[in-house]
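Position one of the sequence shown corresponds to residue 1 (UniProt numbering), numbered consecutively onward.
Where is the CB? At the ideal position from N, CA and C, for every residue including glycine.
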Amino acid sequence: MAVREPVVSIRNVSKTYASGFEALKHVDLDIHRGEIFALLGPNGAGKTTLISIICGIVNASSGTVVADGHDIVADYRGARSKIGLVPQELSTDTFETVWSTLRFSRGLFGKPPDAAHLERVLRDLSLWDKRNDKIMTLSGGMKRRVLIAKALAHEPQILFLDEPTAGVDVELRHDMWQMVRRLRENGTTIILTTHYIEEAEEMADRIGVIRKGELILVEDKKTLMRQLGSKQLAISLQAPLADIPSGLADLPLTLSEGGHSLVYTFDTQSEDTGIAPLLRRLHEQGIDFKDLHSSESSLEDIFVSLVRAPA
Ligand SMILES: Nc1ncnc2c1ncn2[C@@H]1O[C@H](COP(=O)(O)OP(=O)(O)OP(=O)(O)O)[C@@H](O)[C@H]1O
Ligand SMILES: [Mg+2]
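Spelled out as structure tokens, the structure:
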């Protein structure tokens, strides 16, 4: 693959809030043009802080960010015009209609009116029927769609979605995934944060994990899942066990489902899974089972293990 051009370059960005809290520590990150980048991390990790810095809402304490060739401080307007932001917090208690909000938002970025573009955005988000409604009369999920429409009104090159699918129904979530893919096909770069790991697994090209203000990992999603993936074999027992028998203590086994299931974890990279000797030893121990079920570790497992691991 060709070397990819960064569309956002974040260099050594740190943020200490006025309270003295260090929310970001020396973050370095390049976002590639045209990718979908998912930023994962537990509550309070610094995701929104990082996005807010790139979008010029929060000032970094140190470091630099260049967005599509524009320094976000020295050339704030230039940078901001390239960026669309769907914020995490809804602030949409407005008497304005959907349509006038979109028109206004586009104008704010100095773009000439383009009713056809706004209509396309509203139709894509199933909001066309609501265009003349006051935003405050819409449901929570619809308000979130309005925020997305607003972020797209000025045709940004770079779109930030901070928890775009928090509190939206399954159907809208899938619609949004489709919309995000369509945007990417048209060349938009997308950076999203999410607590639905499934969403990152489904959507992202690359994944960054942030923990306590530090970017602890940035990796191609496929590589990540291959490298860190382990497989599990769940063995449903005929009779429950109170403990792992001492004769099996040397094996990577855990009990689950109240002792009704033995779970064996093995590395997908290793040549010998050890399953044949495992089953032989279960037999020797007189442990009967009724079912075997194997599963690949999901991005969720990988994420949980990363976030819990000591620094
Ligand atoms: N204005 C502020 N003043 C002081 N501390 C702040 C401020 N904004 C955020 N923080 C703190 O910075 C840390 C990171 O917050 P941030 O909102 O970036 O987290 P997050 O990763 O987006 O979390 P979540 O998943 O809950 O949205 C938190 O500990 C938060 O309390
Ligand atoms: Mg946040």
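Flag Phe21 as yes when its Cβ comes closer than 6 Å to any non-hydrogen atom of ligand 1, and as no otherwise.
Because some heavy atom of ligand 1 lies under 6 Å away, the Cβ of Phe21 counts as near it: yes.
Which residue spans inside the segment 258-298 form an unbroken beta strand (DSSP E) run of at least 3?
Qualifying beta strand (DSSP E) stretches, in chain order: 261-267 and 289-296.
Output yes or no for whether 7 Å exceeds the beta carbon distance between Arg33 and Val58.
Contact flag unset, no.
Would you mind listing the alpha helix (DSSP H) stretches within the segment 123-156 that are 4+ residues and don't spill past its ends, in chain order?
List check, alpha helix (DSSP H) in window: 140-152.
Report the residue ranges of all beta strand (DSSP E) runs contained in full by the segment 170-201; include only those spanning at least 3 residues, in chain order.
Counting whole runs of 3 or more residues, the segment 170-201 contains the beta strand (DSSP E) stretches 189-193.
Per DSSP, Pro6 is paired with what?
BP columns for Pro6 point to His32.
Grab the span of the beta strand (DSSP E) containing Thr64 for me, first residue to last.
Here the beta strand (DSSP E) through Thr64 covers Ser62 to Ala67.
For Val209, name the three-state secondary structure that DSSP assigns.
The answer is strand: DSSP assigns Val209 an E or B state.
Helix, strand or coil for Val98 per DSSP?
Helix at Val98.
Indicate the three-state DSSP secondary structure (helix, strand or coil) for Phe303 in the structure shown.
Here Phe303 sits in helix by DSSP.
When the Cβ atoms of the segment 173-181 are set against those of the segment 9-21, are three or more pairs found closer than 8 Å?
No, the segment 173-181 is not in contact with the segment 9-21.
Taking Cβ positions, are Leu24 and Gly44 nearer each other than 7 Å?
Result no, Cβ atoms of Leu24 and Gly44 do not sit closer than 7 Å.
For ligand 1, is there any heavy atom lying closer than 6 Å to the beta carbon of Asn186?
Not so, every heavy atom of ligand 1 lies at least 6 Å from the Cβ.
DSSP three-state label for Thr49, please.
Here Thr49 sits in helix by DSSP.
Would you give the residue range spanned by the alpha helix (DSSP H) that Ser256 belongs to?
First-last for Ser256: Leu253 to Ser256, but that is the beta strand (DSSP E), not the alpha helix (DSSP H).
List the whole-angstrom C-beta distance separating Pro156 from Val86, where the pair is believed to meet the contact cut-off of C-beta under 8 Å.
About 10 Å; that fails the 8 Å criterion.
What does the Cβ neighbour count give for Tyr264, buried or exposed, with the cut at 16 atoms within 10 Å?
Tyr264 is buried by the Cβ-count criterion.
Under three-state DSSP, which class holds Val13?
Of the three classes helix, strand and coil, the one that applies to Val13 here is strand, per DSSP.
Distance check for His260 and Asp267, CA to CA, integer angstroms please.
Answer to the nearest angstrom: the Cα atoms are 23 Å apart.
Compute the minimum distance between the beta carbon of Asn43 and the heavy atoms of ligand 3, and state whether it is under 6 Å.
No copy of ligand 3 occurs in the structure displayed; its ligands are ligand 1 and ligand 2 alone.
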